[in-house]
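Asker: One gets the working numbering by counting positions in the sequence shown from 1 and adding 894 to each. Take this structure, written in structure tokens, and hold onto it; I'll ask about it next.
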Amino acid sequence: MVNKSVTIGRRKSAIAVAKCKEGTGKFLINGKTLDEYFGNNLLQKSSAISPLAVTNLKDKFDIELKVKGGGLTGQADAIKLSLARFLLELKPELKPVLKQNEMLKRDPREVERKKSGQPKARKKFQWTKR
């Protein structure tokens, strides 16, 4: 078993750095518990810990995360990727399970830049004939 491991996950402009070690299942995000950090949003909570839930390793590790940038949804997906990478580093035999649940791919979608002469990236100003 690995004593301590550090993995990184990214999504949009959010970055999650996970420090994981064997333990009892403590889960801290920026010094807060999972419930304090995500509040009532069950979708983000379940998304963030889904790699541990899928592999039935929820209570085996103490995980401390530093997350910055983006919104809560991007941060939840960044946490998911960093935990999946940690589990893959720890136990390579979990790769088929994680891959089947699409947890090992980094989502490459980013915000499109705003173009000059337009109010947004794709929105155009209203055209008037006269």
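C-beta atoms are modelled at their ideal positions from N, C-alpha and C, and glycine is treated no differently.
Quick check on the DSSP output: the beta strand (DSSP E) that includes E916 runs from which residue to which?
Answerer: E916 -> beta strand (DSSP E) spans A908 to E916.
Asker: What are the start and end residues of the alpha helix (DSSP H) that includes T967?
Answerer: L966 to L984 is the extent of the alpha helix (DSSP H) around T967.
Asker: Using the rule of at least 16 other Cβ atoms within 10 Å of the residue's Cβ for burial, across every protein chain shown, is T901 buried or exposed?
Answerer: T901 is buried by the Cβ-count criterion.
Asker: Tell me the DSSP secondary structure of K960 in three-state form.
Answerer: It is a strand residue.
Asker: Please report the Cβ distance between A947 and K974, rounded to the nearest whole angstrom; I am assuming they are in contact, meaning their Cβ atoms lie under 8 Å.
Answerer: 10 Å between Cβ atoms; not a contact.
Asker: So S944 is in the alpha helix (DSSP H); what residue range does that whole segment cover?
Answerer: From DSSP, the alpha helix (DSSP H) with S944 extends over S944 to V948.
Asker: Beta strand (DSSP E) containing L922: first to last residue?
Answerer: Residues F921 to I923.
Asker: Does DSSP put S1010 in a helix, a strand or coil?
Answerer: In this structure, S1010 counts as coil in the three-state DSSP scheme.
Asker: Of all the options E1004, Q938 and A978, which has the alpha carbon lying nearest to the alpha carbon of S899?
Answerer: Nearest C-alpha to S899: A978.
Asker: To which residues does DSSP link R905 through a beta bridge?
Answerer: Paired residue(s): A908.
Asker: Got a sec, what are the start and stop residues for the alpha helix (DSSP H) L998 sits in?
Answerer: Where L998 is concerned, there is no enclosing alpha helix (DSSP H), given that its DSSP letter is neither H nor E.
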